[in-house]
Amino acid sequence: MSRASARHILVSSEQEALDLVTKLEGGAEFESLAKQHSSCPSGRDGGALGTFGPGQMVKEFDAVVFSAPVGEVQGPVKTQFGYHVIEVTSRS
């Protein structure tokens, strides 16, 4: 069974997510931005979600985590919770 680890930043608008992606591409630290901007409780842990399997996250989030290259920032990804900036940190 596939397993993945990821971190994310959850915000309420697509524009805010795009702005965060731009900052990350410019060298900002993911953990720092997650602590400052994420509305998810995981934000206080730098956005870390731990390890999980397929189907444990919402469909749109799952689709990205189990297909995107490890270590590349993805987003914005819209779900029922808002807009996510996602980085897959490992997958096996």
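Read left to right, the sequence shown gives residues 0 to 91 (numbering that gives the first Met the number 0).
Each residue gets a CB set at the ideal place from its N, CA and C atoms; glycine is no exception.
Does residue i come out as helix, strand or coil in the three-state DSSP assignment?
i, result
"Val-20", "helix"
"Gln-79", "coil"
"Val-57", "coil"
"Ala-3", "strand"
Enumerate in chain order the residues of its own chain whose CB-to-CB distance from residue i is below 7 Å, with the five nearest sequence positions on each side excluded.
i, result
"Pro-53", "Ser-1, Asp-61, Phe-65"
"Lys-22", "Leu-32"
"Ser-12", "Tyr-82"
If we count the other Cβ atoms within 10 Å of its Cβ and call it buried at 16 or more, is residue i buried or exposed?
i, result
"Arg-102", "There is simply no residue 102 to check, as the chain begins at 0 and stops at 91 in what is shown."
"Pro-75", "buried"
"Gly-46", "buried"
"Gly-42", "buried"
"Val-84", "buried"
Cα-Cα, which of the options is closest to residue i?
i, options, result
"Gly-70", "Phe-51, Val-87, Glu-15", "Val-87"
"Val-63", "Glu-28, Gln-35, Ser-89, His-36", "Ser-89"
"Ser-38", "Ser-91, Leu-9, Gly-46, Ala-47", "Leu-9"
"Ser-91", "Val-72, Pro-68, Ala-27", "Pro-68"
"His-36", "Leu-19, Gln-55, Gln-14, Lys-77", "Leu-19"
With a threshold of 6 Å on Cβ separation, who are the neighbours of residue i within its own chain once the five nearest residues in sequence on each side are excluded?
i, result
"Glu-30", "Gly-45"
Within the same chain, show all residues whose beta-carbon is closer than 8 Å to that of residue i, passing over the 5 residues directly before and after it, in chain order.
i, result
"Gln-79", "Val-57"
"Gly-49", "Ser-4"
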